[in-house]
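Number of protein chains: 2
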Amino acid sequence: MEPGAAGDSRPAKPGPCVSGAALAASGEPGRRMPTVAAVLPAGGCGERMGVGTPKQFCPILERPLISYTLQALERVCWIKDIVVAVTAENMGVMERIVQKYQHTRVSLAEAGVTRHRSIFNGLKALAEDEPGCKLSKPQVVIIHDAVRPFVEEDILLQVALAAEEHGAAGAIRPLVSTVISASADGCLDHSLERATHRASEMPQAFLFDVIYEAYQQCSDYDLEFGTECLQLALKYSDTKAKLVEGSPDLWKVTYKRDLSAAESIIKERISQEICMVMDTKEDTERVGYLLEEVLKKELNNVKIVSGVRSHGGRDIQQITLPQCYNFVCVNGAASDFPETQQLLSVLEQSSLSILYPVVVVLVYFLDFKSVPLGQKMESLMWIREFAKEVKKRNILLCGLLICYPQDEQTLQESLKQGAAIIAALIKDRNPGLIGQLLVA
Amino acid sequence: MEPGAAGDSRPAKPGPCVSGAALAASGEPGRRMPTVAAVLPAGGCGERMGVGTPKQFCPILERPLISYTLQALERVCWIKDIVVAVTAENMGVMERIVQKYQHTRVSLAEAGVTRHRSIFNGLKALAEDEPGCKLSKPQVVIIHDAVRPFVEEDILLQVALAAEEHGAAGAIRPLVSTVISASADGCLDHSLERATHRASEMPQAFLFDVIYEAYQQCSDYDLEFGTECLQLALKYSDTKAKLVEGSPDLWKVTYKRDLSAAESIIKERISQEICMVMDTKEDTERVGYLLEEVLKKELNNVKIVSGVRSHGGRDIQQITLPQCYNFVCVNGAASDFPETQQLLSVLEQSSLSILYPVVVVLVYFLDFKSVPLGQKMESLMWIREFAKEVKKRNILLCGLLICYPQDEQTLQESLKQGAAIIAALIKDRNPGLIGQLLVA
Numbered sequence: 353m354e355p356g357a358a359g360d361s362r363p364a365k366p367g368p369c370v371s372g373a374a375l376a377a378s379g380e381p382g383r384r385m386p387t388v389a390a391v392l393p394a395g396g397c398g399e400r401m402g403v404g405t406p407k408q409f410c411p412i413l414e415r416p417l418i419s420y421t422l423q424a425l426e427r428v429c430w431i432k433d434i435v436v437a438v439t440a441e442n443m444g445v446m447e448r449i450v451q452k453y454q455h456t457r458v459s460l461a462e463a464g465v466t467r468h469r470s471i472f473n474g475l476k477a478l479a480e481d482e483p484g485c486k487l488s489k490p491q492v493v494i495i496h497d498a499v500r501p502f503v504e505e506d507i508l509l510q511v512a513l514a515a516e517e518h519g520a521a522g523a524i525r526p527l528v529s530t531v532i533s534a535s536a537d538g539c540l541d542h543s544l545e546r547a548t549h550r551a552s553e554m555p556q557a558f559l560f561d562v563i564y565e566a567y568q569q570c571s572d573y574d575l576e577f578g579t580e581c582l583q584l585a586l587k588y589s590d591t592k593a594k595l596v597e598g599s600p601d602l603w604k605v606t607y608k609r610d611l612s613a614a615e616s617i618i619k620e621r622i623s624q625e626i627c628m629v630m631d632t633k634e635d636t637e638r639v640g641y642l643l644e645e646v647l648k649k650e651l652n653n654v655k656i657v658s659g660v661r662s663h664g665g666r667d668i669q670q671i672t673l674p675q676c677y678n679f680v681c682v683n684g685a686a687s688d689f690p691e692t693q694q695l696l697s698v699l700e701q702s703s704l705s706i707l708y709p710v711v712v713v714l715v716y717f718l719d720f721k722s723v724p725l726g727q728k729m730e731s732l733m734w735i736r737e738f739a740k741e742v743k744k745r746n747i748l749l750c751g752l753l754i755c756y757p758q759d760e761q762t763l764q765e766s767l768k769q770g771a772a773i774i775a776a777l778i779k780d781r782n783p784g785l786i787g788q789l790l791v792a
Numbered sequence: 353m354e355p356g357a358a359g360d361s362r363p364a365k366p367g368p369c370v371s372g373a374a375l376a377a378s379g380e381p382g383r384r385m386p387t388v389a390a391v392l393p394a395g396g397c398g399e400r401m402g403v404g405t406p407k408q409f410c411p412i413l414e415r416p417l418i419s420y421t422l423q424a425l426e427r428v429c430w431i432k433d434i435v436v437a438v439t440a441e442n443m444g445v446m447e448r449i450v451q452k453y454q455h456t457r458v459s460l461a462e463a464g465v466t467r468h469r470s471i472f473n474g475l476k477a478l479a480e481d482e483p484g485c486k487l488s489k490p491q492v493v494i495i496h497d498a499v500r501p502f503v504e505e506d507i508l509l510q511v512a513l514a515a516e517e518h519g520a521a522g523a524i525r526p527l528v529s530t531v532i533s534a535s536a537d538g539c540l541d542h543s544l545e546r547a548t549h550r551a552s553e554m555p556q557a558f559l560f561d562v563i564y565e566a567y568q569q570c571s572d573y574d575l576e577f578g579t580e581c582l583q584l585a586l587k588y589s590d591t592k593a594k595l596v597e598g599s600p601d602l603w604k605v606t607y608k609r610d611l612s613a614a615e616s617i618i619k620e621r622i623s624q625e626i627c628m629v630m631d632t633k634e635d636t637e638r639v640g641y642l643l644e645e646v647l648k649k650e651l652n653n654v655k656i657v658s659g660v661r662s663h664g665g666r667d668i669q670q671i672t673l674p675q676c677y678n679f680v681c682v683n684g685a686a687s688d689f690p691e692t693q694q695l696l697s698v699l700e701q702s703s704l705s706i707l708y709p710v711v712v713v714l715v716y717f718l719d720f721k722s723v724p725l726g727q728k729m730e731s732l733m734w735i736r737e738f739a740k741e742v743k744k745r746n747i748l749l750c751g752l753l754i755c756y757p758q759d760e761q762t763l764q765e766s767l768k769q770g771a772a773i774i775a776a777l778i779k780d781r782n783p784g785l786i787g788q789l790l791v792a
């Protein structure tokens, strides 16, 4: 990915804001933020995707794409309302998404038959400044696509502030391919200078009155066949949009391959951190820290924190990172079911697994010579049934057995293989493997 | 994916041609195919990728991207030579790729400092029609990107034939984003009519003399800053290129996310078929066919063939599909190591795993009540060591235990879970899990 793109911004829980210091960071600390709302046209039917489901509703890790986009917008405190325009037939689907994934600032409007008509309906919902209506007319409105889930706060801020100043603003990107103009007989007429042209992307932002007036004045032809809001603002409100260079992660999920790419990015983002929970038994702790060392060496892009679980029931949340979706629990040979159950019920009670599947690997160190491996495995068969239970709450549970004690070199090899297994489980997050007992 | 895109064309082994009937399929059965060669500029440094490795050398399933592109071109019989232009520093890397993945029609030329200079060098290598030189000047030359691995024979044929007729031809695609022109102050000047513009993609094709003459005549400025070969043909050879609508899988691997997308597409393509090899013991065979039924039901997009392995050593190749990269071997309780070894050595001797990692799942049906599961697992621990051995030949080996006999309902559940495990192993192809004994 290009420098500055993605990676550093992990997905956040719904609700809490990532940054209130956005304006300060923009270099204009004295400036007052205008009131801002967002409109997301989501009435498309996804014909380019080649799948039955409209692309905004296609699942990524079992959650619809549009929920990721809403989450990205809700992370930004200063966006007060988000109006999503969906078709009448998808209204129920969308309501369930808003409820299930706890989106708090979302209102729904009915989509029109074209993109422009959907946006217009979204704007109308914001313009109806009636008493009792929870929406109020914002100074600036951001228009974004439901299928661009990786939008960052900085570009949203840039277009919003530029819109306040210029009346309109939009994100742009360099062209990936040369653009050409065809003659009537299907031959090359001319190719465009790549340096002077740009791809118009989303988000865009407008002074509300500028874009609302443009929509009220524009022709049916525009509403039917147009696609570019910046062009409407220019044509009907005489407003020249400020263009803002965006990062590559503004890209639009268009084809089926883009869904795969989005899934990879999301999986990578939620695999950046592992929380290790150590049993307090001294010997286990020691070998637990050896595993931690090997994990740090083998997965060198992953942040690993660890803490000791007290048997008095100290809350696991004191150990964990706020946005960590991966847990490795190191258990002594005597660790038993109730303790694990306690740990998992803490995870279940947190809202962690609402948005992403959480991976939990239960590691057992045991002496394959003194206790036959097979016997130990049989004693851990409860993990199989338990994994099915917690899967219902989006937790993916596996067991991992590592022989200990062993001579130093063999132990290092086992730990290395253990790290590779943990990495595989976290990277792929494949629910087909839950409940398995793996051996390193 | 759009209709007609990908999916139906599985990756092929190097060497054998997919189709000799291409011309017939093009609707011009009487037409004689011109002599055709291809030039691939591969001198880029991949700065947009944000990773150290130039993108054409980035690995997908451990094989460099450019090898997939070469494979796609080598599937097409009528492309006689493929000239790859690489930088001097990557010449050795490229030679090893050609050798390791058995590319047979590839010659190397030295890349220039820009894309146009690299292509020019590739053309020069074809123009040098000297005795002793294995390359000869073709009538038509195809220019393609090293980072567009999913090119299909039909579009190659279309541009080659159109080039023979018109002198030049290139693949185009509809624009995904609106293209705009910016004014000097960074504001919108105007947006282009999306309907009359197209993205110029690859492959392109030219009468050799047309493009070679254009390169010989063009200015240093063109060679330094230009990117569009069709434009050179227009400007210097007065040749208007025929534009040919391409499918979405012509897309160029540009960003890191595109590598993920490419990996997903490749994994999906090699996961379309499973070959089941049944042990001949009657009881195992019966339950093996039950598993086959469940697999067919659960993985309904996957083609599953099965056959019985004879103990006399009947060649497994008689059972397998020609391009199948997934094997499920159903073993009786008494099946032992030598038989499995025999099967795997047949796989190793085939060239199957040169291009893609091959997944082999050894399934054991056993009565958990009569033989304790743990004991059985211990007796199968040889799979762990054996898996490390065959991994060296790109074979990913796992074991899967399924309880049998069980009552009908429990058996169905076990088989369903077994199918989910097999699907997970095939889909993710994660080498971190080799040698594991999974339980359904």
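Sequence lines, in order, name chains A and B.
The first sequence runs 353 to 792 under our numbering.
The second sequence runs 353 to 792 under our numbering.
Every residue gets a Cβ at the ideal spot worked out from N, C-alpha and C, and that includes glycine.
- Query: Which residues does DSSP pair with Lys486 (chain A) in a beta bridge?
  - Reply: Within the first sequence, residue 486 (chain A) is the residue found at index 134, counting from 1. Note: Lys486 (chain A) is not bridge-paired with any residue in the DSSP secondary-structure output.
- Query: For Val436 (chain B), is the classification buried or exposed, using 16 other Cβ atoms within 10 angstroms of its Cβ as the cut-off for buried?
  - Reply: Reading the second sequence from its first residue, position 84 is the one you call residue 436 (chain B). Sixteen is the threshold: when 16 or more other Cβ atoms of the shown chains lie within 10 Å of the Cβ of Val436 (chain B), as they do, the residue is buried.
- Message: To test your reading of the DSSP string, which unbroken alpha helix (DSSP H) runs of 4 or more residues are found completely within the stretch 572 to 642 of chain B?
- Response: You should have 572 to 577, 581 to 589 and 608 to 621.
- Taking only the alpha-carbon atoms, compute the straight-line gap between Cys676 (chain A) and Gly784 (chain A) and give it to the nearest angstrom. As a position in the first sequence, residue 676 (chain A) is number 324, starting the count at 1. As a position in the first sequence, residue 784 (chain A) is number 432, starting the count at 1. Each residue's Cα considered, the two are about 22 Å apart.
- Item | Boundaries of the alpha helix (DSSP H) in which Arg467 (chain B) is found, first to last residue | Locating residue 467 (chain B) in the second sequence gives position 115, counting from the first residue. Arg467 to Ala479 is the extent of the alpha helix (DSSP H) around Arg467 (chain B).
- In chain order, what residues of the same chain have a beta carbon less than 8 Å from the beta carbon of Gln491 (chain A), not counting five sequence neighbours either side? The residue labelled residue 491 (chain A) in the question sits at position 139 within the first sequence. The residues are Pro386, Thr387, Val388, Glu516, Leu559 and Phe560.
- Query: Which chain A residues sit within Cβ distance under 7 Å of Ala776 (chain B)?
  - Reply: Taking the second sequence and counting its residues from 1, one reaches residue 776 (chain B) at position 424. Simply Asn782, Gly784 and Leu785.
- Can you name, in chain order, every residue of its own chain whose Cβ lies under 7 Å from the Cβ of Gly664 (chain B), other than the five neighbours on each side? The sequence position of residue 664 (chain B) within the second sequence is 312, counting from 1. In this prediction, Gly664 (chain B) scores a pLDDT of 49, lower than 50, which makes its location untrustworthy; the coordinate-derived value is nonetheless stated afterwards. There are no such residues.
- Task: Can you tell me which of the three DSSP states Ala772 (chain B) falls into?
- Result: Taking the second sequence and counting its residues from 1, one reaches residue 772 (chain B) at position 420. In the three-state scheme derived from DSSP, where H, G and I count as helix and E and B as strand, Ala772 (chain B) is classed as helix.
- Message: I'd like to know whether the C-beta of Leu651 (chain A) is nearer than 8 Å to at least one C-beta of chain B.
- Response: Looking up residue 651 (chain A) in the first sequence gives position 299. For Leu651 (chain A), the answer is no, since every Cβ of chain B falls outside 8 Å of its Cβ.
- Query: Is the Cβ of Val528 (chain B) closer than 8 Å to any Cβ of chain A?
  - Reply: Here residue 528 (chain B) refers to the residue found at position 176 when the second sequence is read from its first residue. When Cβ-Cβ separations below 8 Å define contact, Val528 (chain B) makes contact with chain A.
- Task: Could you confirm whether any beta carbon from chain B is found closer than 8 Å to the beta carbon of Glu553 (chain A)?
- Result: Residue mapping note: residue 553 (chain A) aligns to position 201 of the first sequence, counting from 1. So yes, Glu553 (chain A) belongs to the interface.
- Task: Just the C-alpha distance for Ala795 (chain B) and Ile412 (chain B), rounded to the nearest angstrom, thanks.
- Result: What is shown of chain B runs 353 to 792, which leaves residue 795 (chain B) out entirely.
- Task: Kindly indicate the opening and closing residues of the beta strand (DSSP E) around Thr530 (chain A).
- Result: Mapped onto the first sequence, residue 530 (chain A) falls at position 178. Looking at the DSSP string, the run of the beta strand (DSSP E) that includes Thr530 (chain A) is Thr530 to Ala534.
- Message: Helix, strand or coil for Leu718 (chain A)? Go by DSSP, reduced to three states.
- Response: Position 366 of the first sequence, counting from 1, holds the residue named residue 718 (chain A). Strand at Leu718 (chain A).
- Residues in the stretch 529 to 550 of chain B with C-beta within 7 Å of chain A's C-beta atoms, listed in sequence order? Only Ser529, Thr530, Val531, Ile532, Ser533, Ala534, Gly538, Cys539, Leu540, Ser543, Arg546, Thr548, His549 and Arg550 from the stretch 529 to 550 of chain B bring a Cβ to less than 7 Å from some Cβ of chain A.
- Item | Residue span of the alpha helix (DSSP H) that contains Lys407 (chain B), given as start and end | The sequence position of residue 407 (chain B) within the second sequence is 55, counting from 1. Premise fails: Lys407 (chain B) is in no alpha helix (DSSP H) and is neither H nor E.
- Could you tell me the boundaries of the beta strand (DSSP E) in which Ser543 (chain A) lies? Translated into the one-based positions of the first sequence, residue 543 (chain A) becomes position 191. For Ser543 (chain A), the enclosing beta strand (DSSP E) covers residues Leu540 to Ser543.
- Message: Please identify the residue among A:Leu767, A:Phe720, A:Val711 and A:Val723 whose C-alpha is closest to the C-alpha of Asn746 (chain A).
- Response: On the first sequence, position 394 is the one that residue 746 (chain A) refers to. Checked all of A:Leu767, A:Phe720, A:Val711 and A:Val723; the closest Cα to Asn746 (chain A) is A:Val711.
- Query: Can you tell which of A:Arg525, A:Lys744, A:Gln701 and A:Ile494 has its C-alpha closest to the C-alpha of Ser513 (chain A)?
  - Reply: As a working mapping, residue 513 (chain A) is identified with position 161 in the first sequence. According to the sequence displayed, residue 513 (chain A) carries Leu and not Ser. Ranking A:Arg525, A:Lys744, A:Gln701 and A:Ile494 by CA distance to the CA of Leu513 (chain A) puts A:Ile494 first.
- Query: What's the gap between the Cα of Ala477 (chain A) and the Cα of Gly484 (chain A)?
  - Reply: Position 125 of the first sequence, counted from the start, is the residue given in the question as residue 477 (chain A). Position 132 of the first sequence, counted from the start, is the residue given in the question as residue 484 (chain A). Those two C-alpha atoms are separated by around 13 Å.
- Count the other CB atoms, across all protein chains shown, that sit within 10 Å of the CB of Glu765 (chain A); report buried if there are 16 or more and exposed otherwise. To locate residue 765 (chain A), count along the first sequence from 1; it is residue 413. Counting Cβ neighbours within 10 Å, Glu765 (chain A) comes out exposed, since fewer than 16 surround it.
- Task: Evaluate Ala772 (chain A) with the Cβ neighbour count: other Cβ atoms within 10 Å of its Cβ, from every protein chain shown; 16 or more gives buried, anything less gives exposed.
- Result: In the first sequence, counting from the first residue as 1, residue 772 (chain A) sits at position 420. Classification of Ala772 (chain A): buried, given that the 10 Å Cβ count is 16 or more.
- Cβ of Tyr607 (chain B) within 8 Å of any chain D Cβ: Reference to chain D is not applicable here, since the protein chains of this structure are A and B.
- Alpha-carbon spacing of Met750 (chain A) relative to Glu447 (chain B), whole angstroms: Locating residue 750 (chain A) in the first sequence gives position 398, where the first residue counts as 1. Locating residue 447 (chain B) in the second sequence gives position 95, where the first residue counts as 1. For the record, residue 750 (chain A) in the displayed sequence is Cys; it is not Met. Each residue's Cα considered, the two are about 43 Å apart.
- Where DSSP assigns a beta bridge to Ala389 (chain B), which residues make up the other side? Along the second sequence, one-based indexing puts residue 389 (chain B) at 37. By DSSP's assignment, Ala389 (chain B) forms a beta bridge with B:Asp433 and B:Val493.
- Message: Quick check: what's the CA-CA separation for Glu634 (chain B) versus Gly726 (chain B)?
- Response: Numbered from 1 along the second sequence, position 282 holds the residue referred to as residue 634 (chain B). Numbered from 1 along the second sequence, position 374 holds the residue referred to as residue 726 (chain B). For Glu634 (chain B) and Gly726 (chain B), the distance between alpha carbons rounds to 25 Å.
- chain A contact residues for Lys592 (chain B), given Cβ-Cβ distances below 9 Å: Position 240 of the second sequence holds residue 592 (chain B). Contact note: Lys592 (chain B) reaches chain A through Ser535, Asp537, Cys539, Leu540 and Asp541, using a C-beta cutoff of 9 Å and chain order.
- Message: For Gly395 (chain A) and Ile618 (chain A), what's the separation of their Cα atoms in angstroms?
- Response: Mapped onto the first sequence, residue 395 (chain A) falls at position 43. Mapped onto the first sequence, residue 618 (chain A) falls at position 266. Distance between the alpha carbons of Gly395 (chain A) and Ile618 (chain A) is about 24 Å.
- Check whether the Cβ atoms of Thr456 (chain B) and Gly519 (chain B) sit closer than 8 Å, and answer yes or no. The residue labelled residue 456 (chain B) in the question sits at position 104 within the second sequence. The residue labelled residue 519 (chain B) in the question sits at position 167 within the second sequence. Contact: no.
- Message: Counting C-beta neighbours from all protein chains within 10 Å, is the total for Cys627 (chain A) 16 or more, i.e. buried, or is it exposed?
- Response: As a working note, residue 627 (chain A) is residue 275 in the first sequence. With 16 or more other Cβ atoms within 10 Å, it is buried.
- Given Gln788 (chain A) as reference, the closest of A:Leu752, A:Leu767 and A:Lys432 once Cα atoms are compared: Counting from 1 along the first sequence, the entry for residue 788 (chain A) is found at position 436. Restricting attention to A:Leu752, A:Leu767 and A:Lys432, the CA atom closest to the CA of Gln788 (chain A) is found in A:Leu752.
- Task: On a CA-only basis, which of B:Pro674, B:Lys648, B:Asn473 and B:Val605 is nearest Val350 (chain B)? Give me that one, please.
- Result: In the structure as shown, chain B begins at 353 and stops at 792. Residue 350 (chain B) is therefore absent and cannot be evaluated.
- Query: Using a C-beta to C-beta distance shorter than 8 Å, which residues of chain B count as neighbours of Gly726 (chain A)?
  - Reply: Here residue 726 (chain A) corresponds to residue number 374 of the first sequence, with the count starting at 1. Those are Pro724, Leu725, Gly726, Gln727, Lys728, Met729 and Glu730, listed as they occur along chain B.
- Message: Only counting the same chain, and skipping five residues up and downstream in sequence, which positions put a Cβ closer than 8 Å to that of Thr530 (chain B)?
- Response: Taking the second sequence and counting its residues from 1, one reaches residue 530 (chain B) at position 178. Taken in chain order, the residues that qualify are Ser543, Leu544 and Arg546.
- Query: In its own chain, which residues sit with a C-beta less than 6 Å from the C-beta of Leu696 (chain A), not counting the 5 before and 5 after it?
  - Reply: Position 344 of the first sequence, counting from 1, holds the residue named residue 696 (chain A). Counting only Cβ-Cβ distances below 6 Å, and skipping sequence neighbours, we find Val742.
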